[in-house]
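Going by the numbering used here, the residue at position 292 of the sequence shown is 280; the numbering climbs one at a time, nothing skipped.
Where is the CB? At the ideal position from N, CA and C, for every residue including glycine.
As the structure is a computational prediction, the values presented were derived from the model and not from experiment.
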Amino acid sequence: MRAHAPEYLVVSLYLIAPFLLTSCGGGSDTPGVASTPGVASSTPNPAIYSLIPRCAPVGAQAFTLTVGTWNLVPSSALRWNGSDLPSTVDVSAETISAQIPASDIATAETATVTVFNPGPGGGSSGPVNFTIVTGGTNPQSIAVDPTGRFAYIANQGCLGDFPGSVSMYNIGPSGTLSSSGTIPAGAAAISITIDPLGRSAYVANYQSQDVSTYTINSSTGVLTSSGRTALGAAPSSITIDPYGRFAYLANSLGNDILMYAIDPNTGALTSMGSTVRETGPLQTPWDGPNSVTVDPLGRFAYVAIRGDGGDMSSGSVSVYTINPKTGVLTFTGRTDGSCGASVSLCGPYSVAIDRSSKFAIAVGAYGGVSLYTINTVTGILTSVDTVNAGKSSVAVALDPTGKFAYVANFGSTDVSTYTIDVGAGTLTLTGTIPAGSDPSAIAIAPSGKFAYVTNYGSNDVSIYSIDALTRALTLIASIGT
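Pasting the structure below:
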């Protein structure tokens, strides 16, 4: 079972800098300044709001660091660990950039980035940390292979000049993970899925606008790259139908769903076109579809559309029928979210469906967890219960019995467990357990004995055992990505 998270972590990268710096563990709490007391200021104080890239892998080549900064002037200077670098300033774009030599990122450490405006007035921005890292950075999505022996994590990476990656793991009898290495992906690897036979893995790369395809060694689980497919669109998720014939990608910026046929021998993707969602034009750049979920019987696809969480749009879950021969999607209806009530599904972000395809669970990025019944003929959803969730719920997974749901709450750094009673039409919160920093995705092992949660902010995976009777989670280990 697979779930993935915060597509807006990528979309907002260039737009919502304070969130960015907090999520990446950089800098002071506010973009502060340090100017000389008692001196009249005619030059404004700079304030950093973003770094692109936000980190760099140990031993990488020289790269260009672009720093989003308010109050730039043509003579502003970018400083790395207190030393001025030859800088290029674009005042209108609010950016200052400089080349960082390979020698400065040769070892794992934290560098300090500041911007300085010369006098009169002026001064230094507050410091922002830039991390030189080992291993996978900012894990976004996790998938467990159908045999339950291997797990794979798509790491968004540092962005900018650096690609994302996939971390590979063997799963032990007790559910623990042991690393079998990493393999490069495209830029901003955001979602990973595995075909139902466990032969191929696919990674949607948001920034490079393509899909990385890998073959899976059936004995070791190690991935081998078999190429990348250009999309001409920025995918926020990828999923495969239960028969392994078709792949669907949510394209949030293009406001559509991309459809691909899968070669049964090679796993290669061939475009079948796209289908525009039926809920009107985009209202903001990150207002489109976030994720696609195909029901286990392969008849319907459900598209979570977050909306803006405000007056313009509360989001929706759109329903498509799947042509059994061609795989083409046809829109059949939608269920709208709601952001006005005290308990409501605001900004649908992720959907999970039980094995019998009788009900669905949706979580809202801005609030709420909803239980729906599924019309077996049309696939249309009917809401039967909505309850409060943790803060910024971004991923949901069901246990194999279909009686329990697990929700990753990015904003409250925890995982919530719910019991599902479809007959009574109720969802009931039964517990919450801490995760790492910014949990972004959750997957349940096919055995139903273990749960795995990727933590975007702390660059690790929380491993939980699942009680056989109560289905409660118990943390048993964490491992870095």
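DSSP beta-bridge partners of residue i
i, result
"Tyr157", "Ala139 and Ser167"
"Val449", "Thr442 and Ile467"
"Val103", "Leu66"
"Glu97", "Ile120"
"Thr458", "Note: Thr458 sits in no beta bridge, so no partner."
"Cys327", "DSSP lists no partner for Cys327."
"Val305", "Ala292 and Thr323"
"Cys43", "Thr119"
"Val199", "Ala192 and Thr217"
"Leu257", "Ile250"
C-alpha distance - residue i paired with residue j, whole-angstrom precision
i, j, result
"Leu185", "Gly232", "8 Å"
"Leu73", "Leu66", "6 Å"
"Ile454", "Ser80", "53 Å"
"Pro269", "Asn243", "Residue confidence is low: Pro269 scores 46 on pLDDT, short of 50, so the model does not pin down where it sits. No coordinate-derived value is stated."
"Pro127", "Ser446", "9 Å"
"Val280", "Val305", "10 Å"
"Thr217", "Asp133", "22 Å"
"Leu241", "Ala173", "21 Å"
"Cys146", "Ser404", "29 Å"
"Ile245", "Pro277", "8 Å"
"Thr320", "Asp373", "22 Å"
"Thr31", "Pro108", "6 Å"
"Gly436", "Pro388", "6 Å"
"Ala439", "Gly163", "8 Å"
"Thr76", "Cys43", "20 Å"
"Ser225", "Ser63", "42 Å"
"Ala99", "Val46", "12 Å"
Residue range of the beta strand (DSSP E) that includes residue i
i, result
"Arg322", "Leu317 to Asp324"
"Ser225", "Pro223 to Ile228"
"Pro277", "Pro277 to Val282"
"Arg216", "Leu211 to Ala218"
"Ala177", "Ala177 to Ile182"
"Asn193", "Ser188 to Asn193"
"Gln128", "Pro127 to Val132"
"Phe288", "Phe288 to Ile293"
"Gly427", "The sequence shown places Pro at residue 427, rather than the Gly named in the question. That run of the beta strand (DSSP E) goes Pro427 to Ile432."
"Phe234", "Phe234 to Asn239"
"Asp244", "Asp244 to Ile250"
"Pro422", "Thr414 to Pro422"
Anticipated Cβ contact below 8 Å, residue i with residue j, distance rounded
i, j, result
"Leu60", "Pro34", "6 Å"
"Ser371", "Gly399", "So it is not a contact: roughly 23 Å between Cβ atoms."
"Gly123", "Met156", "So it is not a contact: roughly 12 Å between Cβ atoms."
"Ala292", "Tyr248", "With 8 Å as the limit, Ala292 and Tyr248 do not qualify as a contact, their Cβ atoms being about 20 Å apart."
"Val395", "Ala377", "6 Å"
"Thr407", "Thr418", "5 Å"
Beta carbon proximity, residue i to chain D, threshold 8 Å
i, result
"Ser259", "Here chain D cannot be found, since the structure has a single protein chain."
(request) Write down every uninterrupted run of the beta strand (DSSP E) in the stretch 45 to 92 whose length is 3 residues or greater and which is fully enclosed by it, in chain order. (result) 51 to 58, 65 to 68, 71 to 73, 75 to 78 and 83 to 88
(message) Give the list of continuous alpha helix (DSSP H) stretches no shorter than 4 residues that lie fully inside the stretch 335 to 405.
(response) none
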